[in-house]
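Participant:
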Ligand SMILES: Cc1ncc(COP(=O)(O)O)c(C=O)c1O
């Protein structure tokens, strides 16, 4: 096999553009001996809040924790929280951890996101929160209706921004489109701290609560009431080492997003002639972060089934967001009796979805290699 065919294209890859500066700051942290709740976390939080356009950003150890904290603040125990079925299981786990009943919904077949119609069907008088997942870095075209629906019924709108760092809608950034935003810095995400997360909000009450529960429920650290345990919490804070990584990753975010958007545009051009496949498109006014490049096949083309061949024959990592969807995951079936046929749109459309690799370390040659491998497997798929 010619060597260029052996290049391995990962679905996601973290990029550290300024290692010397990162190492200098890490050295500073190590020699200071202050590994938690210090200068770097504060700087990272301030810069993060500015980048989103909100008053508060609170650094925690994961997006799952960020979601759990926002839900605990709402006292969702025994109440319902609505979320789409095609999300990473962590969105649902956070609801369960906070004592809520997750109420899954079907999705819109074009955006693959929660839409206003499915949402209004799922709302009950027990609904306390809705989690809007910005799948693949795109934002539901029904955002305005969803915001209005939640506003009218006094339901908190939480954004799961794990995929959507840097995405925006009508100029406002993901993380500032609802009552609270929850971000992930897991290694595959747009920016990473190894693992980590952030809560964004304008709500002073949530800000104080999150700062307290992330360090075992201590009194507000800014006021120095550190010996008073006011509520139950955990060691959920983002430490100084990871805050250094976060601060540097954030300073390269705009360049990272520009590269992703350029690559996505190139994918669109190269895939335009391909028969029966269509990149997922976004509403006017939505600027996606392109966490993933999502493509849908026509009904006879179950693109998700090409993933294995792409990997085995071309070493191209591709994914589906998310297959199986939450209601068909073994754990959900066991806990809640999830069954096939409950959410027919998600069940059929996700089999037709594939996410081609997209990250800021990819070159246009990598991208061309992906498209040619994809087209080869499409032809094979059509013959089968
Ligand atoms: C949509 C979504 N929500 C939540 C999470 C959880 O993020 P974390 O691993 O930071 O807890 C992920 C992580 O992959 C995700 O993709």
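Residue numbers (our numbering): 42 to 425.
For glycine and all other residues, C-beta sits at the position ideal for the given N, C-alpha and C.
Values in this document were obtained by computation on a predicted structure and should not be read as measured data.
Going by the beta-carbon positions, is the gap between residue 89 and residue 218 smaller than 8 Å?
Facilitator: The residue you call residue 89 lines up with position 48 of the chain shown. The residue you call residue 218 lines up with position 177 of the chain shown. Going by C-beta atoms, residue 89 is not nearer than 8 Å to residue 218.
Participant: Taking residue 404 as the reference, which of 121, 300 and 210 has the closest Cα?
Facilitator: Along the chain shown, one-based indexing puts residue 404 at 363. Here the closest residue by C-alpha is 300.
Participant: Determine the burial state of residue 105: buried for a count of at least 16 other Cβ atoms within 10 Å of its Cβ, exposed for fewer.
Facilitator: As a working mapping, residue 105 is identified with position 64 in the chain shown. Classification of residue 105: buried, given that the 10 Å Cβ count is 16 or more.
Participant: Report buried or exposed for residue 59, applying the criterion of at least 16 other Cβ atoms within 10 angstroms of its Cβ.
Facilitator: For the purposes of this step, residue 59 is identified with residue 18 of the chain shown, where counting begins at 1. Exposed, by the Cβ-count rule.
Participant: Please tell me whether, using a cut-off of 7 Å, the distance from the CB of residue 129 to the nearest non-hydrogen atom of ligand 1 is below it.
Facilitator: Taking the first residue of the chain shown as position 1, residue 129 is located at position 88. Yes, the Cβ of residue 129 comes within 7 Å of a heavy atom of ligand 1.
Participant: Would the beta-carbon of residue 371 fall within 8 Å of that of residue 391?
Facilitator: Locating residue 371 in the chain shown gives position 330, where the first residue counts as 1. Locating residue 391 in the chain shown gives position 350, where the first residue counts as 1. No, these two residues do not count as a Cβ contact at 8 Å.
Participant: Using 8 Å as the Cβ pair cut-off and three pairs as the minimum, do the stretch 205-218 and the stretch 92-107 touch?
Facilitator: With the cut-off at 8 Å, the stretch 205-218 and the stretch 92-107 touch.
Participant: Rounded to whole angstroms, how far is the Cβ of residue 187 from the Cβ of residue 176, which I believe are closer than 8 Å?
Facilitator: Translated into positions along the chain shown, residue 187 becomes position 146. Translated into positions along the chain shown, residue 176 becomes position 135. With a Cβ gap of about 14 Å, residue 187 and residue 176 do not count as contacting.
Participant: When every heavy atom of ligand 1 is checked, does at least one fall within less than 7 Å of the C-beta of residue 132?
Facilitator: Within the chain shown, the letter at position 91 stands for residue 132. Residue 132: yes, Cβ under 7 Å from ligand 1.
Participant: Between residue 361 and chain D, is the shortest Cβ-Cβ distance under 8 Å, so that the two count as touching?
Facilitator: This model lacks chain D altogether, as it is built from one protein chain only.
Participant: The beta strand (DSSP E) with residue 104 in it runs from where to where?
Facilitator: The sequence position of residue 104 within the chain shown is 63, counting from 1. Note, residue 104: premise wrong, no beta strand (DSSP E); alpha helix (DSSP H) at 104-114.
Participant: Using a Cβ-Cβ cutoff of less than 7 Å, which residues in the same chain neighbour residue 410 once the five nearest sequence positions on both sides are dropped?
Facilitator: If you number the chain shown from 1, residue 410 lands on position 369. Closer than 7 Å at the Cβ level, and outside the excluded window around residue 410, lie 48 and 50.
Participant: With distances taken between CB atoms, is the gap from residue 163 to residue 112 smaller than 8 Å?
Facilitator: The sequence position of residue 163 within the chain shown is 122, counting from 1. The sequence position of residue 112 within the chain shown is 71, counting from 1. No.
Participant: Could you work out which residue in 143, 126 and 339 is closest to residue 384 when comparing CA atoms only?
Facilitator: For the purposes of this step, residue 384 is taken as the residue at position 343 of the chain shown. Nearest C-alpha to residue 384: 126.
Participant: Between the beta-carbon of residue 308 and the beta-carbon of residue 362, is there less than 8 Å?
Facilitator: Locating residue 308 in the chain shown gives position 267, where the first residue counts as 1. Locating residue 362 in the chain shown gives position 321, where the first residue counts as 1. Their beta carbons are not under 8 Å apart, which means residue 308 does not touch residue 362 by this criterion.
Participant: Identify every run of the beta strand (DSSP E) within the stretch 166-217, keeping only runs that are complete inside it and at least 3 residues long; order them along the chain.
Facilitator: Taking only runs of at least 3 residues, the beta strand (DSSP E) segments lying wholly in the stretch 166-217 are 168-174 and 197-201.
Participant: Where residue 358 and residue 399 are concerned, what is the direct C-alpha to C-alpha distance, given to the nearest angstrom?
Facilitator: Along the chain shown, one-based indexing puts residue 358 at 317. Along the chain shown, one-based indexing puts residue 399 at 358. Distance between the alpha carbons of residue 358 and residue 399 is about 10 Å.
Participant: Is residue 280 buried or exposed, if buried means 16 or more other CB atoms sit within 10 Å of its CB?
Facilitator: Taking the first residue of the chain shown as 1, we reach residue 280 at position 239. By the 10 Å Cβ count, residue 280 comes out buried.
Participant: Whole angstroms is fine: what's the gap from residue 42's alpha carbon to residue 417's?
Facilitator: Within the chain shown, residue 42 is the residue found at index 1, counting from 1. Within the chain shown, residue 417 is the residue found at index 376, counting from 1. In this predicted model, residue 42 has a pLDDT of only 44, less than 50, meaning its place in the structure is not dependable enough to derive any value.
Participant: Between which two residues does the beta strand (DSSP E) harbouring residue 394 extend?
Facilitator: Numbered from 1 along the chain shown, position 353 holds the residue referred to as residue 394. Here the beta strand (DSSP E) through residue 394 covers 394-397.
Participant: Given residue 103, which residues of its chain have a CB within under 6 Å of its CB, disregarding the five upstream and five downstream residues?
Facilitator: Walking along the chain shown from the start, residue 103 turns up at place 62. Taken in chain order, the residues that qualify are 236 and 238.
Participant: Near residue 209, which residues of its chain fall below 7 Å by C-beta distance, leaving aside the five closest residues on each side in sequence?
Facilitator: Here residue 209 refers to the residue found at position 168 of the chain shown. Same-chain partners within the cutoff: 215 and 328.
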